[in-house]
Amino acid sequence: MCTPPTLTPLSGSHRVILSVEALGSAAREGETHRHHEAQTHRPTMTVERIFDEIGHFKRFQACLYFAAAFQVIACGIHYLASVFLVQTPNFVCGGPGNITEVLYGNLTASSLEDILPIFKAGTGPLVVTTGGGEQWQLSRCHSATGINPQPFTDTLYTNKTVKACEGTFVYDLTEVHQSIVTDWDLVCEKEWLAKLCQPTFMLGVLIGALVFGDLADRIGRVKIMMFTSLCQFVLGVSVAFSGNYYIFVVLRFLLAMVSSGYLVVVFVYVTEFTGIKVRTWTSMHVHAVFAVGIMVVALVGYLVRVWWIYQIILSTCTSPFLLFCWKFPETPFYLMARGRYKDAQALLDRMARFNGLKCRLKVEDLLEPEERENGTALLGQEEERPAPSEKKLSILSLFSSWRMARRTCTVWSIWFIGSLGYYVFSLGSVNLGGNQYMNLFLAGAVEIPSYLVGCFAMDQIGRKKTCAPALLLAGVACMLIIVVPADIDALAIALSMIGKSAIAIAFGLIYLYTCELYPTIIRSLAVGSGSMICRVGSVVAPFCVYLADYWIYLPQLIVGILAFIIGVLTLLLPETLGRPLTTTLEEAEALGREPIKTNSTLGHNDAEDGLEMNQHEAKA
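Take the numbering used here: the last position of the sequence shown gets the number 753, and nothing is skipped along the way.
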C-alpha cells in the first residue's frame with residue numbers, strides 16, 4: 134500500500150489529517166513544529182485509502198472511466214475535422230462565356246471539369262475557346278486574353294490583357310465534392326481565410342483550456358463535463374448549418390473552447406477516480422481514445438465528401454454520451470476538499486455497493502480525532518463550504534514559491550515542446566505521399582503503440598525517467614535527420630517516426646504527470662494552463678514548418694534543440710511514481726525532498742520505514 138495523499142484544510146475547525154510524510158516535511162520547515170509533533174502518533178487516514186477499501190479499478194470506476202473516455206472521441210474528431218472541412222481541391226479561374234474547347238499541353242477536352250484532374254498549376258497554360266470565338270489562357274487566379282492570338286495553341290501570349298478572377302472558379306470535384314473552400318471560394322486573395330480556420334480553432338482551444346480548467350476547480354468536474362459535452366453536440370451540428378464563413382469560424386471557435394474544456398477536465402476526473410495501481414494506464418489510454426477520434430475523421434472523410442454532411446455525422450458519433458453523463462458523480466477528492474462530507478459518504482457507500490463490497494470506511498475517519506465527535510453534524514451539512522484558499526486560486530498559485538515556479542516553468546516547457554514537436558512531425562509527414570485518408574488513419578493508429586510503451590515505462594521506471602529520455606530521443610532523432618543523406622528517404626522516414634513516437638510518449642504522459650505534481654485545489658488549473666501552453670505550441674507549429682522554405686531542416690533543428698534542452702530540465706523534476714495525490718500546496722512543494730533526520734522527526738522513523746516498504750511493494 135502506498136503513502137496516502139492528504140486533503141486541504143477546510144473552513145472552520147474541521148481539518149483533515151495530514152500524512153506522515155507531510156508532517157515530517159512541515160516539521161523540518163519548522164513553521165508548525167509543535168503542532169505536527171503532537172500529531173506524530175495519530176493514524177493516517179486519507180482519501181487515497183478509498184481505493185484500498187473498495188478497489189483501484191473495479192466495476193464502478195471501470196464504468197465511469199469508459200463512459201467518460203467515450204466522449205474523448207468527440208474531442209479527437211473536432212480537433213482534426215478541419216483537415217477535410219477546409220480542403221482545397223484543384224481549381225482554375227473560370228473562363229468567360231460558354232467554353233467549347235479546352236487545350237492543356239497535348240490534351241484537349243470539351244470542358245474544364247474534364248481537364249482539371251490532370252491540370253497542375255505552374256506547368257503550362259490552360260487555353261480555352263469560347264462560343265464567341267475568343268481565346269483565353271487560364272491560371273488559378275488570373276485569366277488572359279491575347280491581342281491578335283495565334284490559332285488555337287498552348288503558346289503563351291506575348292501581347293495579352295490580364296485580369297483577376299472575379300469570384301468565378303471551377304473546381305475539381307472528383308475527390309472533394311463540397312468543402313467550405315468550394316462553397317465560399319476561399320482561394321487566391323481569400324486563401325488566407327481558409328488557412329485561418331485552424332489557428333482560430335487552436336486559439337479557442339487555448340482559451341477554453343484555461344477557462345474551464347479554472348471553473349472545474351471552483352464549481353466541480355461533473356458540471357463542466359456535462360456542459361462541455363452538451364455544447365460539443367449542439368455547436369458541432371450548428372457548424373454544419375453555417376450561413377457564411379464568419380459564422381462558421383465563430384461556431385468553430387466556441388466548439389474548440391468546449392472541446393478543450395472537456396479534454397482538460399476528463400483527465401483530472403479519471404485520475405481522481407482511479408487508484409495508484411492503475412492510474413498510469415487509465416490516464417494514458419485517454420490519449421488512445423483521442424487517437425480513435427482521429428481515425429474516425431479519416432474514415433468518415435473517406436466515405437463522405439460533402440462537408441456539412443461530414444460535420445453532422447462527426448458531431449453525432451458520440452451523442453449517446455448525453456444520455457448518461459448526467460448520472461456521473463463528483464470525485465471523492467473534490468467532495469472532501471470542499472467539505473461536502475455527506476455527499477462523500479454517500480459516494481463511498483454507492484461505490485462499495487456497486488463493486489459488491491461492504492464499505493467499512495467512514496468520512497469521519499478522515500478527520501482529526503478531536504473533530505470526530507462532530508462527525509454526525511458534519512455529515513448532515515447540505516451546503517458546500519468554500520475552501521479558505523478559494524479566493525487565492527488563480528494561475529499565480531502555480532508560482533507560490535520558487536520551487537513551484539521552477540516546476541511550473543519546466544512542466545509548461547514539456548507541454549509546449551510536446552505539442553510543437555507533435556505537429557511539426559505530423560505536418561511534415563504529408564510529403565510521404567499516398568492516400569491522404571489512409572495517411573491520416575495511420576497517423577492516429579501509430580500513436581496507440583507509443584502510449585502502450587509509455588504506460589509500461591511509466592509504471593516500471595517512473596514518470597520522470599520516461600519523459601526525459603523520450604524528449605532526449607526526439608532531440609537526437611531530429612539531429613540525425615539533418616545529417617542523413619538526402620537520397621536515403623527510408624532512413625529519414627524511420628527517424629521521423631521514431632521522433633514522433635518519442636514526442637507522443639512525452640506528450641501523453643505529461644497530463645498524468647501534471648496531475649500528480651500539483652495538489653487537488655489547483656490540479657485542474659495546472660492541467661488547463663498546461664494545455665493552454667500546449668495550444669501555443671500547436672499554433673506556432675505551422676509557422677515553424679514554413680521555415681523549411683529558408684532551410685529544409687530548420688524545423689527539425691528547432692524542435693531537436695528545444696526537445697534536448699527540455700529533456701535535460703525534466704531530470705530536475707520530482708518523481709511521482711507510487712506517490713499519493715497531494716491536496717495542499719505545501720504537500721505538492723514537498724515532493725522530491727529527501728527527509729532530513731532531526732530530533733523532531735525521529736518519532737516518524739518507524740512509520741516512514743513502513744510506508745517506504747509499502748511503496749517498494751507497490752512498485753514491484
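Yeah, the Cβ is synthetic: ideal placement off N, Cα and C, and Gly gets one too.
Own chain partners of residue i with C-beta closer than 6 Å, once the 5 adjacent residues on each side are dropped
i, result
"T361", "V391, G394 and Y395"
"D305", "P222, N223, L249 and P250"
"T315", "Y304"
"F574", "M428 and A431"
"V425", "I206"
"Q220", "V309 and S312"
"F640", "G551 and Y555"
"A189", "The question names Ala, but residue 189 is His in the sequence shown. Excluding positions up to five away in sequence, the list reads G408, K410 and V411."
Bridge partner(s) assigned by DSSP for residue i
i, result
"V303", "V225"
"Y467", "None, per the DSSP bridge assignment."
"S276", "L271 and K296"
"L240", "Y237"
"L259", "Y237 and L271"
"I232", "T263"
"V439", "Q311"
Contacts around residue i, its chain only, beta-carbon distance under 7 Å, and the 5 residues preceding and following it disregarded
i, result
"S371", "L384"
"F252", "N223, V225, Y237 and L259"
"M484", "I187 and F193"
"V673", "L553"
"C764", "Residue 764 is absent from the model: the chain starts at 134 and stops at 753."
"W459", "M359"
"E536", "In the sequence under discussion, the amino acid at residue 536 is Arg, which differs from the Glu named in the question. E722, listed in sequence order."
Cα-Cα separation between residue i and residue j, rounded to whole angstroms
i, j, result
"V295", "N377", "30 Å"
"L240", "F374", "40 Å"
"P582", "G209", "17 Å"
"T599", "L714", "19 Å"
"I550", "S276", "45 Å"
"D347", "F184", "26 Å"
"L245", "V235", "7 Å"
"Y467", "G353", "7 Å"
"V613", "C542", "Looking at the sequence provided, one finds Leu at residue 613 rather than Val. Taking the straight line joining both Cα atoms gives about 28 Å."
"R656", "R540", "14 Å"
"K597", "Q689", "24 Å"
"G577", "A349", "29 Å"
"V411", "W548", "23 Å"
"N231", "L271", "14 Å"
"S474", "Q593", "The question names Ser, yet the displayed sequence has Tyr at residue 474. Rounded to whole angstroms, Y474 to Q593 spans 36 Å at the Cα level."
"I621", "K323", "38 Å"
"L628", "A610", "6 Å"
"L658", "C274", "48 Å"
"Q204", "A623", "37 Å"
"Y212", "A538", "31 Å"
"E720", "P652", "8 Å"
"E649", "P618", "43 Å"
"V397", "V382", "22 Å"
"M335", "T262", "45 Å"
"R493", "A202", "30 Å"
"W545", "A242", "57 Å"
"H169", "E463", "With a pLDDT of only 35 at H169, under 50, the local geometry of the prediction cannot be trusted, and no value is derived from it."
"L710", "T407", "14 Å"
Proximity test, residue i beta-carbon vs the ligand SAH heavy atom, cut-off 8 Å
i, result
"V225", "This structure lacks the ligand SAH; in fact it carries no ligand of any kind."
Neighbourhood of residue i by C-beta, 8 Å cutoff - its chain only, sequence neighbours within 5 removed
i, result
"I446", "V433 and V437"
"L218", "S312, I313, C330, W440, Y443 and Q444"
"A477", "P465, L468, M469 and V496"
"A601", "G700, V701, T703 and L704"
"D247", "V235"
"L387", "G337, C364 and L368"
Query raised in the report: Pairing CB atoms from the segment 585-600 with CB atoms from the segment 667-677, are three or more of them under 8 Å?
Result: no
Requested in this report: Flag this pair as touching only if the segment 634-645 and the segment 546-557 have three or more C-beta atom pairs under 8 Å; answer yes or no.
Outcome: yes
Query raised in the report: Should the segment 431-440 be regarded as contacting the segment 328-340, the criterion being three or more beta carbon pairs within less than 8 Å?
Result: The segment 431-440 vs the segment 328-340: no contact.
Query raised in the report: Three or more beta-carbon pairs under 8 Å between the segment 598-615 and the segment 697-705, yes or no?
Result: yes
Query - Length at least 4, wholly inside the segment 180-225: the alpha helix (DSSP H) runs in chain order - result: 182-187, 192-203, 205-213 and 215-218
Query raised in the report: Counting Cβ pairs, one atom from each stretch, are 3 or more of them under 8 Å apart for the segment 476-489 and the segment 190-207?
Result: yes
Query raised in the report: Which runs of the alpha helix (DSSP H) spanning at least 4 residues fall entirely within the segment 606-670, listed in chain order?
Result: 622-650
Query - Any 3 or more C-beta pairs closer than 8 Å across the segment 643-660 and the segment 396-410 - result: yes
Query raised in the report: Mind pulling the alpha helix (DSSP H) runs of 4 or more residues that sit fully within the segment 334-410?
Result: Taking 4 residues as the shortest admissible run, the segment 334-410 contains the following complete alpha helix (DSSP H) segments, listed from N- to C-terminal end: 354-373 and 378-406.
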